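Adding 192 to a residue's 1-based position in the sequence shown gives its number in this note's numbering. For every residue, glycine included, the Cβ atom is placed at its ideal position computed from N, Cα and C. Note that the structure is predicted; figures quoted are calculated from it, not measured. Notes for the one structure printed next.
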Amino acid sequence: MDSWPVAELDPVRRLRVLARTTPGTGHAEHLIDAPFDRVWALASDLERQMPMLITDIRSFTVTAADGEHLEARARSPLGMRARFDVVLRPGWCLMQSRFVIGGMAAVPEGEGTRFGFFGGLRLPGIGLVDGALRPLLAPMGARALKRFTDQLREAPATR
């Protein structure tokens, strides 16, 4: 039994698998020309980053924390609210509410950082329209990544 193959996946690959196997989601990733510590410091500041990355979120407030498990409340520009369960650890963030799922992951790659982002809907029957929905969601992930990399370029590098 000790000779069973083992398949270890880094956080970005895990996120990619999760995005591809979760109906109703879109995924994007990019190699960012910045060190992992700098990228993840910015990405893991959820209260500031979620409204920047996702235009349907006006505010994102962490309301409880127990180690890597967080609870947060999001509010849309129209006043709709959602409670999110969040797992946040270095290089990995997974968030889900009753109707929404999303996440980010990062790993060092060369002198830069591979960064992935995914998000989508958690609705009954979403699998039935998944093929039509994914092409609509993919550009949303790409736009969120562009906003993030633009912000990273503008943020002063700290040493």
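Around the C-beta of residue i, are 16 or more other C-beta atoms found within 10 angstroms, so that it is buried, or is it exposed?
i, result
"F310", "buried"
"T217", "buried"
"A297", "buried"
"M272", "exposed"
"H219", "buried"
"F291", "exposed"
"I293", "buried"
"S195", "exposed"
"L270", "exposed"
"G333", "buried"
"G308", "buried"
"D342", "exposed"
DSSP puts residue i in a beta bridge; with which residues?
i, result
"M296", "C285 and F309"
"G304", "E301"
"L280", "C285"
"V254", "A264"
"R273", "R267"
So residue i packs on residue j, CB below 8 Å; how close in whole Å?
i, j, result
"S236", "L286", "Actually they are not in contact, since the Cβ atoms of S236 and L286 sit about 12 Å apart, beyond 8 Å."
"R208", "E221", "7 Å"
"M242", "A266", "7 Å"
"G295", "L210", "7 Å"
"Q288", "R314", "7 Å"
"L329", "G312", "6 Å"
Hey, residue i and residue j: beta-carbon distance below 8 Å or not?
i, j, result
"F252", "L238", "yes"
"T305", "V198", "no"
"P203", "V278", "no"
"A336", "I246", "yes"
"P215", "G319", "yes"
"L301", "L223", "In the sequence under discussion, the amino acid at residue 301 is Glu, which differs from the Leu named in the question. Result yes, Cβ atoms of E301 and L223 sit closer than 8 Å."
"L234", "A347", "yes"
"P274", "E263", "Going by the sequence as given, residue 274 is Ala instead of Pro. Not in contact: A274 and E263 (Cβ atoms no closer than 8 Å)."
Exercise for the section: Could you name each continuous beta strand (DSSP E) segment of 3 residues or more that falls completely within the stretch 213 to 247, going from the start of the chain to the end? Expected result: 217 to 224
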